[in-house]
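Only one structure is covered here, and it is reproduced in the block below.
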Amino acid sequence: MVAVGREVDSAALVARLRKERRGTRASDFVLDVSFEVPSGITILFGPSGAGKSTLLDCIAGLLRPDSGRIAAGEKVLFDSATQTDLPPQARNVAYVFQSLALFPHLTVEQNVEFGLHHLQAADRQQRAAAILEAFRAEKLKNRKPDQISGGEKQRIALARSLVTNPRLLLLDEPLTGLDAALKSSIVEDLRAWNTANRIPILYVTHSREEADALGERVIAIENGRIVSQGAPMEVLDAPRRIRLAQSAGFENLLPGTVLDLREPDGVMRVRLAGSSCEMEVPLAHASAGDRVQVAIRAGDILLAAERPRGLSARNIFEGKITFLEQRGAMFLARVDCGISFAAHVTPGAVRALELSSGKQVWLVVKTHSCHLVE
Amino acid sequence: MNMDPLFLSFRLALCVSVILLVLAMPLAYWLAYSNWRGKFLLESIVALPLVLPPTVLGFYALIAMGPRGPLGKLWLALFGHGLAFTFTGLVIASIFYSFPFAVQPLMTSFENVDQRLLHASSVLGAGRWRTFRRVILPLSLPGVITALVLSFAHTLGEFGVVLMVGGNLQGVTRTVSIDIYDRVQSLEYGAANRMALILLTISFSVLATVYAINRRVWSPWAAK
Amino acid sequence: MTRAKRIPRAWLELLVIAAGIFFAQSNWAAQGREIRVAAAADLKLAMAELVNKFESNSHTTVSVSYGSSGNFFAQIQNGAPFDVFLSADIEYPRKLEAAGSAEPGTLFEYAAGRIVIWMPPEINADVRKQGWNALLDPAVRKIAIANPDHAPYGRAAVAALQKAGIYEQVKSKLVLGENISQAAQFVQSGNAQAGILAKSLMLSPEMKNGQVWEIPRELHPPIEQGAMVLKSARNKQGALEFLDFLKSDSGQRILEKYGFVVPRRISAVPAQP
Numbered sequence: 097m098v099a100v101g102r103e104v105d106s107a108a109l110v111a112r113l114r115k116e117r118r119g120t121r122a123s124d125f126v127l128d129v130s131f132e133v134p135s136g137i138t139i140l141f142g143p144s145g146a147g148k149s150t151l152l153d154c155i156a157g158l159l160r161p162d163s164g165r166i167a168a169g170e171k172v173l174f175d176s177a178t179q180t181d182l183p184p185q186a187r188n189v190a191y192v193f194q195s196l197a198l199f200p201h202l203t204v205e206q207n208v209e210f211g212l213h214h215l216q217a218a219d220r221q222q223r224a225a226a227i228l229e230a231f232r233a234e235k236l237k238n239r240k241p242d243q244i245s246g247g248e249k250q251r252i253a254l255a256r257s258l259v260t261n262p263r264l265l266l267l268d269e270p271l272t273g274l275d276a277a278l279k280s281s282i283v284e285d286l287r288a289w290n291t292a293n294r295i296p297i298l299y300v301t302h303s304r305e306e307a308d309a310l311g312e313r314v315i316a317i318e319n320g321r322i323v324s325q326g327a328p329m330e331v332l333d334a335p336r337r338i339r340l341a342q343s344a345g346f347e348n349l350l351p352g353t354v355l356d357l358r359e360p361d362g363v364m365r366v367r368l369a370g371s372s373c374e375m376e377v378p379l380a381h382a383s384a385g386d387r388v389q390v391a392i393r394a395g396d397i398l399l400a401a402e403r404p405r406g407l408s409a410r411n412i413f414e415g416k417i418t419f420l421e422q423r424g425a426m427f428l429a430r431v432d433c434g435i436s437f438a439a440h441v442t443p444g445a446v447r448a449l450e451l452s453s454g455k456q457v458w459l460v461v462k463t464h465s466c467h468l469v470e
Numbered sequence: 064m065n066m067d068p069l070f071l072s073f074r075l076a077l078c079v080s081v082i083l084l085v086l087a088m089p090l091a092y093w094l095a096y097s098n099w100r101g102k103f104l105l106e107s108i109v110a111l112p113l114v115l116p117p118t119v120l121g122f123y124a125l126i127a128m129g130p131r132g133p134l135g136k137l138w139l140a141l142f143g144h145g146l147a148f149t150f151t152g153l154v155i156a157s158i159f160y161s162f163p164f165a166v167q168p169l170m171t172s173f174e175n176v177d178q179r180l181l182h183a184s185s186v187l188g189a190g191r192w193r194t195f196r197r198v199i200l201p202l203s204l205p206g207v208i209t210a211l212v213l214s215f216a217h218t219l220g221e222f223g224v225v226l227m228v229g230g231n232l233q234g235v236t237r238t239v240s241i242d243i244y245d246r247v248q249s250l251e252y253g254a255a256n257r258m259a260l261i262l263l264t265i266s267f268s269v270l271a272t273v274y275a276i277n278r279r280v281w282s283p284w285a286a287k
Numbered sequence: 012m013t014r015a016k017r018i019p020r021a022w023l024e025l026l027v028i029a030a031g032i033f034f035a036q037s038n039w040a041a042q043g044r045e046i047r048v049a050a051a052a053d054l055k056l057a058m059a060e061l062v063n064k065f066e067s068n069s070h071t072t073v074s075v076s077y078g079s080s081g082n083f084f085a086q087i088q089n090g091a092p093f094d095v096f097l098s099a100d101i102e103y104p105r106k107l108e109a110a111g112s113a114e115p116g117t118l119f120e121y122a123a124g125r126i127v128i129w130m131p132p133e134i135n136a137d138v139r140k141q142g143w144n145a146l147l148d149p150a151v152r153k154i155a156i157a158n159p160d161h162a163p164y165g166r167a168a169v170a171a172l173q174k175a176g177i178y179e180q181v182k183s184k185l186v187l188g189e190n191i192s193q194a195a196q197f198v199q200s201g202n203a204q205a206g207i208l209a210k211s212l213m214l215s216p217e218m219k220n221g222q223v224w225e226i227p228r229e230l231h232p233p234i235e236q237g238a239m240v241l242k243s244a245r246n247k248q249g250a251l252e253f254l255d256f257l258k259s260d261s262g263q264r265i266l267e268k269y270g271f272v273v274p275r276r277i278s279a280v281p282a283q284p
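Residue numbers (our numbering), protein chains in the order written: chain A, 97 to 470; chain B, 64 to 287; chain C, 12 to 284.
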């Protein structure tokens, strides 16, 4: 681990790999991806079974891809063409597992010092102390992992990985199970560290909040393939795949057929299956007659107790409330307009509009709240 | 009463269990972490001494150590005398006899170490040897202790093999089990009884002590 | 259903199967016609022929167990189910008789054993010419004998060595077999270069091509081999029949063939006081 080779700018992770994975219960799939992760935090987002952990294991050297090339900056970690395959210990890639894998028989300090065996004892101690301080865990240094809390464990796991000055950091759902306050404090520490040491960080999660809070970029992966990359809003708010839409929180997924396109207006009309509802949605690559799925968040739907007039919204449907129940801080209402929509309403609104099951209401959906997914 | 056989047995058991530990570790490591399809074959061979009668083992040992056998020829060439009827001969035969008692606990212990810990270790820059020394071994201490104790105890109680290749030489190959048997044969039941009781008491105390310390002191976290 | 019925069924089934296997072993039928003989190790070869001859003239079948006489003694004392005890040392049957375990009047000396020096063909020392001196040859590193503490052949070997005046010189070369067969095994396998063995084992195929020297009888106390019927014998009739056969001419002839010294005129040995 000679530190010189780590240039700040061209430190990006460039990876292209293919791996056939024999899963359990006939969930075989092929992981086939190609992407770049520049310095900074990139979110790897996707449902379970999408191949996220497999991908991280390949980058770290714990699994061998069938073919491809993985390079972190100038350093080639794996290349099937030249038969290069560095073992994990030679890659200097930091990896924090979901299970954290803290060594139970070593103290916090020994855990953190584990990766620094090539240094003198004095240097080791100093580096370890410094990073423990950065992650606000210096007073834990003589405790054993079974004597510290969940949040503290996460910090130690991070500290242990980062103390070696890695060229790349992989995080596999590192904050699951923590409460919001803890999460944000750890995220803060990570950001601070990231600002000081710009390296590519690949952060796996299936939580929208974490993705929003951390990600400078999002790579969405599903069934072993990348389905979209880009800014978080782009990828997660305009999901083009159904499963992605579901995990990203779109409660309404309505099948329909494209009626016509109105290019000057930048919209198209879709008739929802099984009803006479015609919706206006943003223009997409489709032709008349195509079958599509329209995804709408429940929170983007408005209810009106009387037929609204003079609104800018183009999708207004009359219907009847078939279901109304409190869900936490919100009410979930199902409205039948020929097709069933799920909408979120505040308790105040329910009282003001005197909403109840069986009541006639009007649904209002903005054109740009409708997203087409495959 | 002559305590020679007792000391001899303990010396034999100690030698064998220590040597076995050194020999068994690499094999157990390989068995625990290799993915070779044919692994089951090696596992069966290792387990053979468990099911073979000690007299069979002893018989083959006698042949192997004889001037026509592979071991015997080698020994003769190296040292100019035979291997049978020597303490070394007993040690070698006992190593085969107690082999699975060392390999299996070690293998199980190694297998039980969380795989992600091994991954963490290598990702943090530790090679195979360092990972073994700093992660696998400390977390497998109960297995190591068990392997030591089991092979010690098993060798202590050995009879059939020693009978076949020992030659019953006072101070060299007359272990306590042979001695007790001899006394029974010579109708010295009292002496046989006394020897047996001493052996029982000492063995039990040793085992009890080791097992008591094992869980408590050496591995409170490896409670699987 | 009471609590007791909650014994797991699988366990009960297993128990029944185990019991079945166990009892299937017992051979009820052959009981009436069979005798079980505990025979000293040195009778290994002779017994085969003896049993053959006996069975061809009798309705009784013989099943033999070989081992060391001392071992059998201890086992019989503790109720081992033999009908006949053929010991290499008449002391054991005498002790059993004194303890009341023998069928009265059946104890007798059926043969006397002989010891020989045996060497494998590849050893250069010509034991036939040199006799005792062959044992002093440097090529002879180990000499196998039966354990003198409890085997009569071992005791005889040591006595003979002492009488011949070379015991002190060869003492360090001795290795002890648990019984005379094991001593033979040590020499056969080549681990010992010479052995003082039972003459009765010399006719075996492995021993045939070795060099043999008979040790003069005067050099050791006689190896008196004693036979008896156990008081607890299941088939006394058959047992007595077999002992009679041993005393008979044909039985004695077979014993002689295998190197035993036979007392032609046999009479029951009176019990020792």
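Heads up, the beta-carbon is just placed ideally off N, CA and C, and yes, glycines get one too.
- Item | Residues of its chain near isoleucine 166(A), where Cβ-Cβ distance is below 8 Å and the 5 sequence neighbours each way are ignored | Excluding sequence neighbours, isoleucine 166(A) sits near Leu109, Val110, Ala111, Arg112, Leu113, Cys154, Ile155, Val172, Leu173, Phe174 and Asp175.
- Between the C-alpha atoms of glutamate 402(A) and alanine 316(A), what's the straight-line distance to the nearest angstrom? If I take the Cα positions, the gap works out to 41 Å.
- Task: Measure the beta-carbon distance from leucine 214(C) to tyrosine 269(C) and round it to whole angstroms, keeping in mind my assumption that it falls under 8 Å.
- Result: That pair is a contact at about 6 Å.
- Between the C-alpha atoms of isoleucine 241(B) and valine 181(C), what's the straight-line distance to the nearest angstrom? Those two C-alpha atoms are separated by around 23 Å.
- Have a look at Ala170(C), Lys55(C) and Ala110(C) and flag the residue whose alpha-carbon is nearest the alpha-carbon of isoleucine 234(C). Nearest in C-alpha terms to isoleucine 234(C), of all of Ala170(C), Lys55(C) and Ala110(C), is Ala170(C).
- Query: With distances taken between CB atoms, is the gap from isoleucine 417(A) to valine 461(A) smaller than 9 Å?
  - Reply: Cβ atoms of isoleucine 417(A) and valine 461(A): not closer than 9 Å.
- Where the beta strand (DSSP E) containing methionine 218(C) begins and where it ends: Taken as a continuous stretch (DSSP letters only), methionine 218(C) belongs to no beta strand (DSSP E), being part of the alpha helix (DSSP H) at 216-219.
- Starting from methionine 170(B), follow the alpha helix (DSSP H) in both directions and report where the run begins and ends. Here the alpha helix (DSSP H) through methionine 170(B) covers 150-174.
- Is alanine 380(A) helix, strand or coil by DSSP? Reduced to three states, the DSSP call for alanine 380(A) is coil.
- Message: Checking the sheet assignment: what are the DSSP bridge partners for phenylalanine 96(C)?
- Response: DSSP output for phenylalanine 96(C) lists Ala49(C) and Met239(C) as bridge partner(s).
- Message: Is it the case that the region 210-225 of chain B contacts the region 154-165 of chain B, given that we only count it when at least three CB pairs across the two stretches are under 8 Å?
- Response: As far as the Cβ criterion goes, the region 154-165 of chain B touches the region 210-225 of chain B, which means the pair count is three or higher.
- Message: So, under 8 Å CB-CB, leucine 241(C) and phenylalanine 96(C) are touching, yes? Tell me the CB distance rounded to an integer number of Å.
- Response: About 6 Å; that satisfies the 8 Å criterion.
- Please work out which residues of its chain come closer than 7 Å, Cβ to Cβ, to glycine 345(A), disregarding the five sequence neighbours upstream and downstream, and give them in chain order. Cβ contact annotation for glycine 345(A) (same chain, cutoff 7 Å, sequence separation greater than five): Arg304 and Arg393, in chain order.
- Task: Mind checking which residues open and close the beta strand (DSSP E) that includes leucine 53(A)?
- Result: With chain A covering 97 to 470 only, the question about residue 53(A) has no answer from this structure.
- Message: Tell me which residues of the region 42-68 of chain C have at least one Cβ-Cβ distance to chain B shorter than 9 Å, keeping chain order.
- Response: Within the region 42-68 of chain C, no residue qualifies.
- Message: Does the CB of histidine 231(C) have a neighbour CB from chain B at under 9 Å?
- Response: Not one chain B Cβ lies under 9 Å of histidine 231(C).
- Neighbourhood of methionine 88(B) by C-beta, 7 Å cutoff - its chain only, sequence neighbours within 5 removed: For methionine 88(B), the CB contacts under 7 Å within the same chain, skipping 5 residues up- and downstream, are Leu169 in chain order.
- leucine 187(B) by DSSP, collapsed to three states: which one? It is coil, neither helix nor strand.
- Query: Which stretch, first to last residue, makes up the alpha helix (DSSP H) that contains glutamine 456(A)?
  - Reply: Judged by DSSP secondary structure, glutamine 456(A) falls outside any alpha helix (DSSP H) and instead within the beta strand (DSSP E) spanning 456-461.
- Message: Excluding the 5 residues flanking leucine 69(B) on each side, which residues of the same chain have their C-beta closer than 6 Å to its C-beta?
- Response: Val239, listed in sequence order.
- Message: Strictly by DSSP, which residues pair up with alanine 429(A)?
- Response: For alanine 429(A), the pairing in a beta bridge is given by DSSP as Leu420(A) and Ala439(A).
- Under 8 Å from the C-beta of glutamine 185(A): neighbouring residues of chain B: Within 8 Å Cβ-Cβ: Ser185, Val186, Leu187, Gly188, Ala189 and Gly190.
- Query: Just the Cα atoms here: how many angstroms apart are proline 241(A) and leucine 198(A)?
  - Reply: Cα-Cα distance, rounded: 7 Å.
- Message: With the cut-off set at 9 Å, would you say glycine 352(A) and methionine 375(A) are in Cβ contact?
- Response: Judged by beta-carbon spacing, methionine 375(A) lies within the 9 Å limit of glycine 352(A), meaning their Cβ atoms are closer than that value.
- Step through the CB atoms of chain B and report whether any lies within less than 9 Å of the CB of arginine 228(C). No, because no Cβ of chain B sits closer than 9 Å to the Cβ of arginine 228(C).
- Could you please give me the residues that DSSP links to proline 296(A) through a beta bridge? In DSSP, proline 296(A) forms a bridge with Gly136(A).
- Message: Is glutamine 193(C) close to chain B? Criterion is C-beta to C-beta, closer than 9 Å.
- Response: With 9 Å as the cut-off, glutamine 193(C) counts as an interface residue toward chain B.
- Query: Applying the criterion that 16 or more other CB atoms from any shown protein chain within 10 Å of the CB defines a buried residue, is leucine 151(A) buried or exposed?
  - Reply: With 16 or more Cβ atoms within 10 Å of its Cβ, leucine 151(A) is classed as buried.
- Got a sec: which bits of the region 203-218 of chain A sit with their beta carbon under 8 Å from any beta carbon on chain B, in order along the chain? Here the close residues are Phe210, Gly211, His213 and His214.
- From what residue to what residue does the beta strand (DSSP E) around tyrosine 77(C) run? From DSSP, the beta strand (DSSP E) with tyrosine 77(C) extends over 72-78.
- Query: Does any heavy atom of the ligand SAM sit closer than 8 Å to the C-beta of serine 465(A)?
  - Reply: The ligand SAM is not among the ligands present in this structure, which contains no ligands whatsoever.
- Within its chain, find whatever has a CB closer than 6 Å to the CB of proline 19(C); leave out the 5 residues flanking it on each side and keep chain order. Around proline 19(C): no qualifying Cβ.
- Item | Inter-residue spacing [alpha-carbon to alpha-carbon] between glutamate 269(A) and proline 200(A) | If you take the alpha carbons of glutamate 269(A) and proline 200(A), they lie about 21 Å apart.
- Query: Would you report the Cα separation of leucine 61(C) and tryptophan 22(C), rounded to the nearest angstrom?
  - Reply: Whole-angstrom Cα-Cα distance: 48 Å.
- For asparagine 6(C), does the three-state DSSP call read helix, strand or coil? Here chain C comprises residues numbered 12 to 284, so residue 6(C) is not present and cannot be evaluated.
- How would you list, in chain order, the residues of chain C whose beta-carbon sits under 7 Å from the beta-carbon of histidine 144(B)? Within chain C, the residues placing a beta-carbon under 7 Å from that of histidine 144(B) are Arg152, ordered along the chain.
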